[in-house]
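Number of protein chains: 4
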Amino acid sequence: MFSTQTVLRVRFYETDKMGFMHHSNYARYYECARTEAIREIGYSYANAEKDGTIMPVVKIESKFIQPVFYDDEVRIITQIKAMPRFGMISFYHEFYNQKNELVHQGTVTLAMITVATNKRECGPAPLMNELQKYFTK
Amino acid sequence: MFSTQTVLRVRFYETDKMGFMHHSNYARYYECARTEAIREIGYSYANAEKDGTIMPVVKIESKFIQPVFYDDEVRIITQIKAMPRFGMISFYHEFYNQKNELVHQGTVTLAMITVATNKRECGPAPLMNELQKYFTK
Amino acid sequence: MFSTQTVLRVRFYETDKMGFMHHSNYARYYECARTEAIREIGYSYANAEKDGTIMPVVKIESKFIQPVFYDDEVRIITQIKAMPRFGMISFYHEFYNQKNELVHQGTVTLAMITVATNKRECGPAPLMNELQKYFTK
Amino acid sequence: MFSTQTVLRVRFYETDKMGFMHHSNYARYYECARTEAIREIGYSYANAEKDGTIMPVVKIESKFIQPVFYDDEVRIITQIKAMPRFGMISFYHEFYNQKNELVHQGTVTLAMITVATNKRECGPAPLMNELQKYFTK
Numbered sequence: 001m002f003s004t005q006t007v008l009r010v011r012f013y014e015t016d017k018m019g020f021m022h023h024s025n026y027a028r029y030y031e032c033a034r035t036e037a038i039r040e041i042g043y044s045y046a047n048a049e050k051d052g053t054i055m056p057v058v059k060i061e062s063k064f065i066q067p068v069f070y071d072d073e074v075r076i077i078t079q080i081k082a083m084p085r086f087g088m089i090s091f092y093h094e095f096y097n098q099k100n101e102l103v104h105q106g107t108v109t110l111a112m113i114t115v116a117t118n119k120r121e122c123g124p125a126p127l128m129n130e131l132q133k134y135f136t137k
Numbered sequence: 138m139f140s141t142q143t144v145l146r147v148r149f150y151e152t153d154k155m156g157f158m159h160h161s162n163y164a165r166y167y168e169c170a171r172t173e174a175i176r177e178i179g180y181s182y183a184n185a186e187k188d189g190t191i192m193p194v195v196k197i198e199s200k201f202i203q204p205v206f207y208d209d210e211v212r213i214i215t216q217i218k219a220m221p222r223f224g225m226i227s228f229y230h231e232f233y234n235q236k237n238e239l240v241h242q243g244t245v246t247l248a249m250i251t252v253a254t255n256k257r258e259c260g261p262a263p264l265m266n267e268l269q270k271y272f273t274k
Numbered sequence: 275m276f277s278t279q280t281v282l283r284v285r286f287y288e289t290d291k292m293g294f295m296h297h298s299n300y301a302r303y304y305e306c307a308r309t310e311a312i313r314e315i316g317y318s319y320a321n322a323e324k325d326g327t328i329m330p331v332v333k334i335e336s337k338f339i340q341p342v343f344y345d346d347e348v349r350i351i352t353q354i355k356a357m358p359r360f361g362m363i364s365f366y367h368e369f370y371n372q373k374n375e376l377v378h379q380g381t382v383t384l385a386m387i388t389v390a391t392n393k394r395e396c397g398p399a400p401l402m403n404e405l406q407k408y409f410t411k
Numbered sequence: 412m413f414s415t416q417t418v419l420r421v422r423f424y425e426t427d428k429m430g431f432m433h434h435s436n437y438a439r440y441y442e443c444a445r446t447e448a449i450r451e452i453g454y455s456y457a458n459a460e461k462d463g464t465i466m467p468v469v470k471i472e473s474k475f476i477q478p479v480f481y482d483d484e485v486r487i488i489t490q491i492k493a494m495p496r497f498g499m500i501s502f503y504h505e506f507y508n509q510k511n512e513l514v515h516q517g518t519v520t521l522a523m524i525t526v527a528t529n530k531r532e533c534g535p536a537p538l539m540n541e542l543q544k545y546f547t548k
């Protein structure tokens, strides 16, 4: 299993009139955490695009437990629990606030589409090779 | 059952470098559709807040079937399939593109919190009374 | 001179914890108003891109007079005061709230870049031809 | 004079279909840079609000020189060139890309409003006291 951690600080413009971080920003935080996770695996999503793969989101499930607030540091644990299959990759995120309380959970599934063929394929080889290391004893 | 329809046009700033509407905007479109649905029921979410109720999102499930593009008119069917219970209300959304293809599905559940007590309660009476009419033969 | 009007309703996610529409959204409202202005002139910005022209923003000046609030209908007057010259086009926007008070002013200048040459040129001919009509007695 | 530096990495959701960071995000980057500048001065904008001051933006001037792209690290120099007067404070920002080219300039003026009186006043004393140190030989 791959697991990493990203810390993001809630920006003023991300708040709404309830005083919370607006719920639509969690999907954006997943994306930031995902980008950093891929970088830590040893690849860059910017390269994926150059290498001819795009990774559109196909499914999101989000559970909002407690709000987070302006200027809070939010710690996001990001896990890939299984090697991608059928050209689909899933990221599991847990968000913790500064009191170390679990405040949010999200699961995002992306398709790995080869631009040249417009087909769902097995993803960029360099990413898959690096990722495989986390799933081998 | 309550059912209504909202049309939103994809704004340039909502697109991303893949050329699609960025996936984080769907949660924002749910919110717009929800606001219009509540207005059609005969209430205003702006009043809910004045009446002492806030409605934070507690759960979202999203399925992305096809992308939508800049300047597309997106038709959103919004349904409330059951009277709220236990201070929770769910909205079910289907998104159709200009070719009338189903491109996205989303379900959003909100808690209805009375600000004065900070408790999940049965929601603003005027909204609930109006909504009840859709669930009575 | 070309002048038109667009009405946008402030969305919940556009608010911030001060309870106002967050100031970064005005640039987004300019863009919406600009898109509608171009459509009214008889062209579509989506076509500009297909016709090989992109129009990146090069300058913005904004004056914030009064805030606007969730669910407010904001009336935006958009004017083009002169025919574009040197591949630059300027839009002048005035925002009015529901009490008809002037709440915001913004001026946006865009370059019209021919993608094939990566040069600033005179803009898409169909747009320029239609626009010329507003500057001829 | 006060001067500091902030580095922000362009997020995927901040790009648009031209492949650039969308121009509306610069106002959000000013805000992030401003928050960090105030923190470095020895204060927190989150405290300003608790201390009864809000700081709405009253004026923005932006000059877009070159685009920035997904995953670019953008270096923002933020300067306060003069002590605030008449309850107004101005931040001057210069953005540099990874090649160290100046890509953007922005100036933001904010009013410092005492919530209790709804009047523009001289700003939170702890912030002003710390800031004064940068303007004294």
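Protein chains in written order, with our numbering: chain A, 1 to 137; chain B, 138 to 274; chain C, 275 to 411; chain D, 412 to 548.
Just so it is clear, CB atoms sit at the ideal spot from N, CA and C, and this is done for glycine as well.
Remember, predicted model here, so these are calculated numbers, not experimental data.
| Check | Outcome |
| --- | --- |
| Run through chain B and tell me which residues come within less than 8 Å of A:R39, C-beta to C-beta. | Simply none; closest approach about 18 Å. |
| Against chain D, which members of the stretch 18-35 of chain A pass a CB distance test of less than 7 Å? | R28, E31, C32, T35 |
| Among C:A390, C:T391, C:H378, which residue has its Cα nearest to the Cα of C:H297? | C:H378 |
| Report the option in B:N234, B:L268, B:I250, B:I202 whose CA atom is closest to the CA atom of B:G224. | B:I250 |
| Assuming C:Y408 and C:M275 are in contact, meaning their beta carbons sit under 8 Å apart, how far apart are those beta carbons, in whole angstroms? | 6 Å |
| Residues of chain A with a CB under 8 Å from the CB of C:D290: which are they? | F12, Y13, T15, D16, K17 |
| Strictly below 8 Å CB to CB, what residues from chain A border B:K200? | V58, K59 |
| For A:D71, go through chain G and note every residue whose CB falls closer than 8 Å to its CB, in chain order. | In the displayed structure, chain G is absent; the protein chains listed are A, B, C and D. |
| Would you mind giving the Cβ-Cβ distance between A:T78 and A:A37, rounded to the nearest angstrom? I have them listed as a contact below 8 Å. | 5 Å |
| If you compare alpha carbons, which of D:D483, D:G534, D:C443, D:T415 is closest to D:E512? | D:D483 |
| What residues are listed by DSSP as bridge partners for A:R85? | A:M88 |
| When the distance is taken between beta carbons, is B:V147 closer than 8 Å to B:V195? | no |
| Please report the straight-line C-alpha distance between C:F294 and D:K530, rounded to a whole angstrom. | 17 Å |
| Would A:P126 count as contacting chain B if we go by Cβ distances under 8 Å? | no |
| To be precise: take each residue of the stretch 494-527 of chain D, compare its Cβ to all Cβ atoms of chain C, and keep it if any distance is under 8 Å. Which residues remain? | none |
| Looking at D:F475 and C:N330, is the spacing between their C-beta atoms short of 8 Å? | In the sequence as displayed, the identity of residue 330 of chain C is Pro instead of Asn. Closer than 8 Å, so yes. |
| Kindly indicate which residue of B:C169, B:G243, B:Q235 has the alpha-carbon position closest to the one of C:Y344. | B:C169 |
| Quick check on the DSSP output: the beta strand (DSSP E) that includes B:K200 runs from which residue to which? | 194-201 |
| Between B:I213 and chain A, is there a C-beta pair that is closer than 8 Å? | no |
| Using only alpha-carbon positions, find the residue among A:Y92, A:T109, A:A111, A:P84 that is nearest to A:E130. | A:P84 |
| Check whether the Cβ atoms of C:G326 and C:A390 sit closer than 8 Å, and answer yes or no. | yes |
| Counting contacts by CB-CB distance shorter than 8 Å, is B:I191 in contact with chain A? | yes |
| Which value, in whole angstroms, describes the spacing of the CA atoms of B:A145 and C:R313? | For the sequence presented, residue 145 of chain B should be read as Leu rather than Ala. B:L145 and C:R313: Cα-Cα distance of roughly 16 Å. |
| Based on DSSP bridge pairs, tell me the residues matched to A:V132. | The sequence as given places Gln at residue 132 of chain A; Val does not occur at that position. A:Q132 is not bridged to any residue. |
| Since C:E347 is in the beta strand (DSSP E), which residue starts that stretch and which ends it? | 347-354 |
| So if DSSP puts B:T254 in a beta bridge, which residue, or which two residues, is it bridged to? | Per DSSP, none; premise fails for B:T254. |
| Buried or exposed for A:Y62, please, with buried defined as at least 16 other CB atoms from any protein chain shown within 10 angstroms of its CB. | It is worth fixing the name first, because residue 62 of chain A is Ser in this sequence and not Tyr. By the 10 Å Cβ count, A:S62 comes out buried. |
| Whole angstroms is fine: what's the gap from A:E121's alpha carbon to B:M265's? | 48 Å |
| Under 8 Å between the Cβ atoms of D:G517 and D:Y456? | no |
| Quick check on the burial criterion: 16 or more other C-beta atoms within 10 angstroms. Buried or exposed for A:T35? | buried |
| For C:Q279 and A:T4, I'd like the C-alpha separation in whole angstroms. | 50 Å |
| D:K510: buried (16+ other C-beta within 10 angstroms of its C-beta) or exposed? | exposed |
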